Each structure stands twice: as C-alpha cells, then as structure tokens.
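Sequential numbering of the sequence shown, starting at 1, is according to my numbering.
We put the CB at the ideal spot given by N, CA and C, even for glycine.
These numbers were taken from a predicted model, which means no experiment stands behind them.
This report concerns only the one structure given below.
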Amino acid sequence: MRDRKLLIVKTGSAEPALRTRRGDFEDWIRDGMQAVTGETRVVNVREGGVLPEPESVRGVVVTGSTAFVSERESWSTQTEDWLRPVVAAGVPVLGICYGHQLLAQALGGRVGPNPRGREMGTVRVDLGEAVRARDPLLGRLPKIASVQATHVESVLCVPEAATRLGFNAADDNHALRYGPRAWGVQFHPEFDADVMRVYLEQRSDVLRSEGFDPARMARTIRDSSEGSALLRRFGEIVRG
C-alpha cells in the first residue's frame, strides 16, 4: 500500500514558451498538491504510455490537453476504458479540463463544442452547491471561486450518477462529482495568472477572429488562491 503512487495521466503539454521557463502540467500539479519526490508517476497516454493496473495506484489526476474529447482518438478512448474501474474501485480521481470531460464521457455523459462558445481567462465559478453539501474536495472553497479557464468543449450531458457542484454563465457543468472520491473541474487549478497570460497571448489571433478583445481580456486576469487550495486538498485526500 505504501509504495503505491499518485498517477498523473498526461493527455497534453503546456505551451512551449512555458515549458522551457516553468515546466509542464505535471510539475504544476505536483507543486499544487505539495507532492514530495517519488510520490508521483507520470504516464503520457497521448504518446503511447501504458497505464498501470487500477489497484496499483493511490490516486489519479488526468491533465488538460489541446486535443478534443469528442474526436475520440484511440489513446483517449483507451484511457476512458481504464478510468471506469478506477472510479468504481473508489480510487481518488481528479479530472482537469480535458480530464474532466473524459471522465464524464467514460461514465456515460456527452462532450462536445460548448454552444456558448470559448471561455478563457480568469473566471468566476459558483460553487454554492459544493459548499452547502460540504463536499470533501470543493466544499472548503469560497461560494464564488476565482479560477483560470480555457476551453471550447464542455460536458453537455452529465452522467446519470454525477452531481453538479459548480457552474457559471459560460458552462453549466464547471465542476462535477462522479462518485464518492472522483471529481472533474472544467477550469485549471494548476494555472496561475502568468500561465493564463501566456495562453492568452498564444491564442490572440484566434480570439480576435472569434470577436474577442485579447487586450481587454488580459486586463482581467488575476491570481487567486482557489486553484492551489483545491490541489492541496486533493493531495490530502489521496494521502489520507
């Protein structure tokens, strides 16, 4: 039991400009969870990494990605199949952005382009349901949380057994609980304002083509403590 590791299922990588300066998704997730050296293992499923037996892991985080869940690439559907017994076994699971959507699809939900369009920047998510329910992961966060987000797809239909814990005007399903110890969040708790600004800059041409004003969006980006608090709490759940 003691040698089981937290598994980070890597479905994508950060922008190259960030990787050289700040590291990658798994580094930010480790830092947020305050994971010690040797406590985690990374499997890059997008590059053919093989996932271990579900009973061999202590907890799971599924990262974000530039891929689209709705395209159902082979590595993605294989990860879906692997996630079902992991959730059923009660292993703590956290899906982030793509990982959140992948969990939903694996458990019977539907993912596709968000009919309300792209969401990007520092956003506010209503976590009132999580707070009222004293959810083990999200219940300690403020009722209105300030977090970083960037996505064009969303969970459009939630799995029958899922519970909605967070939403905003751009996405009805920003935070879901899929089981006693399985959660997904559409936002990025591992991002800070610096990371968000780089993503905004890298996507400025696309944003302008969609009618957004990247300069105005950049002025609204703010750091907050909610994302790091969520990761820290998930680390406690895994260790506990």
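Contacts around residue i, its chain only, beta-carbon distance under 7 Å, and the 5 residues preceding and following it disregarded
i	result
arginine 197	Ala218 and Ile221
arginine 42	Looking at the sequence itself, residue 42 is valine, so the reference to arginine does not match. For valine 42, where only same-chain residues beyond five positions count, the Cβ hits under 7 Å are Ile8, Lys10 and Glu26.
methionine 1	Because the pLDDT at methionine 1 is just 44, under 50, the model does not fix this residue reliably, and the value given afterwards should be weighed accordingly. If we look at methionine 1 and ignore the five residues flanking it on each side, it has no Cβ neighbours.
glycine 240	none
lysine 5	Glu39, Thr40, Arg41, Val57 and Arg58
asparagine 168	Val123, Arg124, Val125, Asp126 and His174
Spatially closest choice to residue i from the options, by CA coordinates
i	options	result
proline 136	Lys10, Arg233 and Pro16	Arg233
arginine 124	Leu102, Asp223 and Leu156	Asp223
leucine 127	Thr150, Val185, Gln34 and Glu73	Val185
glutamine 202	Val69, Arg164, Lys5 and Pro16	Pro16
glycine 121	Gly108, Arg19 and Phe212	Phe212
threonine 79	Asn168, Ala67 and Leu102	Leu102
glutamate 81	Tyr199, Phe68, Gly90 and Pro54	Before going further, note that residue 81 is aspartate rather than glutamate in the sequence given. Comparing Cα-Cα distances from aspartate 81 to each of Tyr199, Phe68, Gly90 and Pro54, the minimum goes to Pro54.
threonine 150	Ala169, Arg132, Leu156 and Tyr199	Tyr199
Residue i: first and last residue of the uninterrupted alpha helix (DSSP H) it sits in
i	result
glutamine 148	From DSSP, glutamine 148 is part of no alpha helix (DSSP H) but of the beta strand (DSSP E) over 144 to 151.
arginine 219	214 to 219
glutamate 119	Unbroken run through glutamate 119 is the beta strand (DSSP E), 119 to 126; no alpha helix (DSSP H).
First and last residue of the uninterrupted beta strand (DSSP E) at residue i
i	result
phenylalanine 234	That residue, phenylalanine 234, is in no beta strand (DSSP E); its alpha helix (DSSP H) goes 226 to 239.
isoleucine 8	5 to 10
alanine 175	171 to 179
valine 111	110 to 113
Proximity below 8 Å, CB of residue i to CB of residue j
i	j	result
leucine 94	valine 57	no
alanine 104	arginine 84	no
asparagine 173	valine 152	no
glycine 49	tyrosine 98	no
arginine 118	glutamate 210	yes
alanine 67	serine 76	yes
leucine 230	leucine 141	yes
Test: residue i CB closer than 8 Å to a CB of chain C
i	result
methionine 196	No chain C appears in this structure, which consists of one protein chain only.
Contacts around residue i, its chain only, beta-carbon distance under 6 Å, and the 5 residues preceding and following it disregarded
i	result
glycine 179	Val87
proline 92	Gly59, Arg181, Ile237 and Val238
leucine 207	Pro214
Residue i Cβ short of 7 Å to the ligand NAP heavy atom set
i	result
proline 113	This structure lacks the ligand NAP; in fact it carries no ligand of any kind.
Cβ shell of residue i (< 8 Å), same chain only, five flanking positions each side left out
i	result
glycine 12	Phe25, Arg46, Thr63, Gly64, Ser65, Thr66, Ala67 and Tyr98
Given 8 Å, three or more beta-carbon pairs between the stretch 184 to 195 and the stretch 27 to 34: yes
The stretch 109 to 118 touching the stretch 8 to 25, judged by at least three CB pairs closer than 8 Å: no
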